[in-house]
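The sequence shown begins at 75 in the numbering used here and counts up one residue at a time.
Note that beta-carbon positions come from the ideal geometry of N, C-alpha and C, so glycine has one too.
Working notes for the structure below.
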Amino acid sequence: MAEGSLPKARFPRLARDVDTLDFSGWPIYANASLPEQVAYDICDALAAREAEIPWEKGTGGTASHMGRESDSTPMDVPLHPGAERWYRERGQKD
Numbered sequence: 075m076a077e078g079s080l081p082k083a084r085f086p087r088l089a090r091d092v093d094t095l096d097f098s099g100w101p102i103y104a105n106a107s108l109p110e111q112v113a114y115d116i117c118d119a120l121a122a123r124e125a126e127i128p129w130e131k132g133t134g135g136t137a138s139h140m141g142r143e144s145d146s147t148p149m150d151v152p153l154h155p156g157a158e159r160w161y162r163e164r165g166q167k168d
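Written out as structure tokens, the structure is:
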């Protein structure tokens, strides 16, 4: 979660710009018992449909972005082994 702002220019009914929290980096959690292939397939499905996912404008959000440490996608918990394999195969993890 990061700091954000609701700009009056975008939301004219606001009296002023409002400082807020940005939840755009919400993770997808899975139980460790989830089969590795299922977690892998979820990552694959998100990537296949990323053009249809409504990412916040200006955030650079993509399915690939979800597996990287950044201000909007902090890696507070480890990736599921299936997700780790998916990102590693795409050169996004060591």
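- Distance between Glu158 and Trp129, taken at the CA atoms: about 22 Å.
- By the neighbour-count criterion, in which 16 or more other beta carbons inside 10 Å mark a residue as buried, Met149 falls on the exposed side.
- The Cβ neighbour count for Ala113, taken over all protein chains shown within 10 Å, is at least 16; the residue is labelled buried.
- Distance between Tyr161 and Ala89, taken at the CA atoms: about 43 Å.
- A distance of 8 Å or more separates the beta carbons of Ser107 and Thr94.
- Secondary structure note for Gly156: its alpha helix (DSSP H) is the uninterrupted segment 155 to 163.
- Judged by DSSP secondary structure, Asp118 falls within the alpha helix (DSSP H) whose first and last residues are 110 to 122.
- By the beta-carbon neighbour count (other beta carbons within 10 angstroms, threshold 16), Gly165 is exposed.
- When the alpha-carbon of Glu143 is set against those of Glu124, Pro155, Pro101, the nearest one is in Pro101.
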